[in-house]
Amino acid sequence: MVGPTRIGLAGLTVMGQNLALNIAEKGFKISVYNRTTSKADETVESVKKEINLPLYGFHDHNSFVQTIQKSRLIIMLVKVGPPVDQTIITLSNYLEKGDCIIDGGNEWYENTERREKATAKLGLLYHGMGVSGGEEGARNGPSMMPGGSFQAFKYIEDILLKVAAQLIAEAYDVLKSAGKLSNEELHHVFSEWNKGELLSFLVEITADIFGIKDDKGEGYLVDKERVEAAKVFKSSGVGDILTEQEVDKKKLIDDVRQALYASKICSYAQGMNLIRAKSAEKGWDLKLGELARFWKGGCIIRAIFLDRIKKAYDRNPELANLLVDPEFSKEIIERQHWWRRVVCLTIKSGITVLGMSSSLSYFDTYRRDRLPANLVQAQRDYFGAHT
0 MVGPTRIGLA
10 GLTVMGQNLA
20 LNIAEKGFKI
30 SVYNRTTSKA
40 DETVESVKKE
50 INLPLYGFHD
60 HNSFVQTIQK
70 SRLIIMLVKV
80 GPPVDQTIIT
90 LSNYLEKGDC
100 IIDGGNEWYE
110 NTERREKATA
120 KLGLLYHGMG
130 VSGGEEGARN
140 GPSMMPGGSF
150 QAFKYIEDIL
160 LKVAAQLIAE
170 AYDVLKSAGK
180 LSNEELHHVF
190 SEWNKGELLS
200 FLVEITADIF
210 GIKDDKGEGY
220 LVDKERVEAA
230 KVFKSSGVGD
240 ILTEQEVDKK
250 KLIDDVRQAL
260 YASKICSYAQ
270 GMNLIRAKSA
280 EKGWDLKLGE
290 LARFWKGGCI
300 IRAIFLDRIK
310 KAYDRNPELA
320 NLLVDPEFSK
330 EIIERQHWWR
340 RVVCLTIKSG
350 ITVLGMSSSL
360 SYFDTYRRDR
370 LPANLVQAQR
380 DYFGAHT
């Protein structure tokens, strides 16, 4: 007979399994359940063979729920959408007032709000909690964003992740296409960058990627995706544009580093501003500095300057934009020369850098006290006069 466990977890995906192991390893007794019962058995057996942690699997909802101590706390890690609603309905048949369900999936925040209201009518507590960090993060220290913080993060998560990765991809493209750096050189460059101000999970794995060769011995993995596209455009003259550029590799590497860092500041500034705006609209009263602290541990966007973002909001909780923080504004102003030079080079070389160029446009738009929107308005007024 299993005694009361501290927490339950429903949904034994790779993330679910590893999060359950992490919780058990911290000394908390945990009950686990999966719709496919063999998954629960597999998880329990693997634990017994290796470390015999206080983790217990169950084949039915009732047994699963009844083993958890009151007031019950259950984390769900199931596929977003209808499966979440179905799991809530099923669990609620066995739960009591005051019990809490936590959705650890990547759900849209409005669905989380809807479910929170629906479960409240049953006397249940409901929280959204984004869990980021992948298999390794879930096992060894995920970034967990509960409640309001999670709702805000879901509003901007895809943008932050895409921008963070896109900027690095663009840096790679400039160095590879304009600078003609080999994969060995790229591995060295990104490894060095990961020792300084660009230290981050994404820069780290990028460095690792350039050191990996295809298992079949056919070259580096990142090159294969370029080959077919290059064949299509070979006769168009685009390739000739790139070969005409004379580039100093050492100088280019430093230019791209400066441009990447400046663009990264802008991407976080935009992300924080979107979260700030949504927080004001919804009345969440989010602490942006705390969000930066959450993301620093285990999250895919974790980076060393998240500490500095937290400090910026600690210094001024009402900070309108990271770009006007004294430290960040000084850094971005100092780097704009190299940033503009890289963007100009990419235009001349026919290299697309939507992330870097749009970040630069955002900076230029934000810093100017006058924009051409007044002409657009005048045009509209003029058009209106003829209707």
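Note that the sequence shown covers residues 0 to 386 in numbering that gives the first Met the number 0.
Even glycine gets a Cβ: it sits at the ideal position worked out from N, Cα and C.
Helix, strand or coil at S357 according to DSSP, with G and I counted as helix = Looking at S357 - three-state DSSP - the assignment turns out to be helix.
Would you kindly report the start and end of the unbroken beta strand (DSSP E) that includes Q57?
-> Looking at the sequence itself, residue 57 is Phe, so the reference to Gln does not match. F57 -> beta strand (DSSP E) spans 54-57.
Rounded to the nearest angstrom, how far is the Cβ of L121 from that of G103, given a contact under 8 angstroms?
-> Not a contact, Cβ separation roughly 20 angstroms.
Straight-line Cα distance separating R339 from T351 = Taking C-alpha positions only, T351 is separated from R339 by approximately 14 angstroms.
Mapping DSSP to helix, strand and coil, what is L344?
-> Annotated three-state conformation of L344 is helix, per DSSP.
Answer yes or no: do G97 and T111 have a C-beta to C-beta separation smaller than 8 angstroms?
-> No. Outside cutoff.
Report yes or no: do the region 253-271 and the region 327-346 share at least 3 C-beta pairs separated by less than 8 angstroms?
-> These segments touch.
Keeping to the same chain, check which residues put their C-beta closer than 7 angstroms to that of A206; ignore five residues upstream and five downstream.
-> H186, F189, S190, N193, listed in sequence order.
Could you tell me if A279 is buried or exposed, where buried requires 16 or more neighbouring beta carbons within 10 angstroms of its beta carbon?
-> By the neighbour-count rule (16 or more Cβ atoms within 10 Å), A279 is not buried but exposed.
Range of the contiguous alpha helix (DSSP H) that encloses A9 | That residue, A9, is in no alpha helix (DSSP H); its beta strand (DSSP E) goes 6-9.
If we ignore side chains and look at the alpha-carbon of each, how far apart do I391 and S357 end up?
-> Within the shown structure, residues of the chain are numbered from 0 to 386, placing residue 391 beyond reach of any answer.
Between which two residues does the beta strand (DSSP E) carrying I73 extend?
-> It spans 72-75 - the beta strand (DSSP E) in which I73 sits, taken as one unbroken run.
With C-beta atoms as the reference, is A177 less than 8 angstroms away from S348?
-> The answer is yes: Cβ separation under 8 angstroms.
Straight-line Cα distance separating V246 from V341 = Rounded to the nearest angstrom, the two C-alpha atoms are 11 angstroms apart.
I100 (DSSP reduced to helix, strand or coil) | In this structure, I100 counts as strand in the three-state DSSP scheme.
For the region 80-94 against the region 15-22, are there 3 or more C-beta pairs whose distance is under 8 angstroms?
-> Touching, no, given that fewer than three Cβ pairs across the two stretches are closer than 8 angstroms.
Report the option in D40, I87, K69, N105 whose CA atom is closest to the CA atom of A117.
-> Of D40, I87, K69, N105, the residue nearest in Cα terms is I87.
Helix, strand or coil for I350, going by three-state DSSP, please let me know.
-> Three-state result, I350: coil.
Complete runs of the alpha helix (DSSP H) confined to the region 300-336 [at least 4 residues] = With a minimum length of 4 residues, the continuous alpha helix (DSSP H) runs that stay inside the region 300-336 are 305-314.
From the DSSP output, which residues share a beta bridge with L392?
-> Since the first residue shown for the chain is 0 and the last is 386, residue 392 is missing from the structure and cannot be characterised.
Since S30 is in the alpha helix (DSSP H), which residue starts that stretch and which ends it?
-> Under the DSSP assignment, S30 falls outside any alpha helix (DSSP H), being part of the beta strand (DSSP E) whose first and last residues are 29-32.
Option in E169, L285, G210 with minimal Cα separation from I346 = Of the listed residues, the one whose Cα sits closest to I346 is E169.
Alpha helix (DSSP H) containing R256: first to last residue?
-> Looking at the DSSP string, the run of the alpha helix (DSSP H) that includes R256 is 248-281.
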